[in-house]
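Report on one structure; see the data block that follows.
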Amino acid sequence: MSRLIQCLIVRKDLPWPPGALIAQACHASSAINHTTIGEAREAFGKAEGVKISIMEVENQEALQDANDKLSKDGVDFKLWTEQPENFPTCICLKIYPEEFVEKYLKEINAEKVL
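Residue numbers for the sequence shown follow this note's numbering, beginning at 15 and rising by one.
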């Protein structure tokens, strides 16, 4: 069986300190794991665990393009929108097999951060 991965995609054009960007990723991850709680519990409960991958895209337009592509293909994810500014900062995919996620990362031109 394929390794499980949860992928976060953040914007690299935000002029925020690292802690603020990490908070955005945590919000998105918590939100998608909450909506897929049964699957998340099962995945995190496995001995091999879940790999977390942090990717980045150039800007808000690229994040929106990723959102549109993932939505069109029926991929389960959360687009986190910062409030009260009301602009998207991060996408977090639900936990999927690594091969499934890698296919989309190539299509949306996301670059690996961690």
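Where a beta carbon is used, it is the ideal one built from N, C-alpha and C, also for glycine.
Every value quoted in this text rests on a predicted model; they were computed, and no experiment measured them.
*DSSP three-state call for V89: helix, strand or coil?*
Reading the sequence shown from its first residue, position 75 is the one you call residue 89. Here V89 sits in coil by DSSP.
_Within the continuous beta strand (DSSP E) that includes L18, where are the two ends?_
Here residue 18 is taken as the residue at index 4 of the sequence shown, counted from 1. Run containing L18: 18-25, per the beta strand (DSSP E) assignment.
*Buried or exposed: where does F101 fall if 16 or more other Cβ atoms within 10 Å of its Cβ makes it buried?*
Counted from its first residue, the sequence shown places residue 101 at position 87. Result: exposed.
*Should R25 go down as buried or exposed, given a rule of 16 or more other Cβ atoms within 10 Å for buried?*
Numbered from 1 along the sequence shown, position 11 holds the residue referred to as residue 25. Looking at its Cβ environment, which holds 16 or more other Cβ atoms inside 10 Å, R25 is buried.
*Specify the secondary structure class of L107 as computed by DSSP and reduced to three states.*
Taking the first residue of the sequence shown as 1, we reach residue 107 at position 93. Note: L107 maps to strand in three-state DSSP.
*So what does S101 bridge to, in DSSP terms?*
In the sequence shown, the residue the question calls residue 101 occupies position 87. The sequence shown places Phe at residue 101, rather than the Ser named in the question. BP columns for F101 point to E96.
*Report the residue from I109, G63, E53 whose alpha carbon sits nearest the alpha carbon of L22.*
Position 8 of the sequence shown holds residue 22. Per the Cα distances, I109.
*Apply the 10 Å Cβ neighbour rule to S67 and answer buried if 16 or more other Cβ atoms are within range, or exposed otherwise.*
Within the sequence shown, the letter at position 53 stands for residue 67. With 16 or more other Cβ atoms within 10 Å, it is buried.
_the stretch 82-91 contacting the stretch 28-35, beta-carbon criterion three pairs below 8 Å_ = no
*the ligand MG heavy atom lying under 7 Å from the CB of S85*: As presented, the structure is devoid of all ligands, the ligand MG included, so that no description of it is given.
*If you run the structure through DSSP and keep just helix, strand and coil, what is E53?*
For the purposes of this step, residue 53 is identified with residue 39 of the sequence shown, where counting begins at 1. Three-state DSSP puts E53 in a helix.
*Less than 8 Å separating the beta-carbons of C106 and A34?*
For the purposes of this step, residue 106 is identified with residue 92 of the sequence shown, where counting begins at 1. For the purposes of this step, residue 34 is identified with residue 20 of the sequence shown, where counting begins at 1. Result no, Cβ atoms of C106 and A34 do not sit closer than 8 Å.
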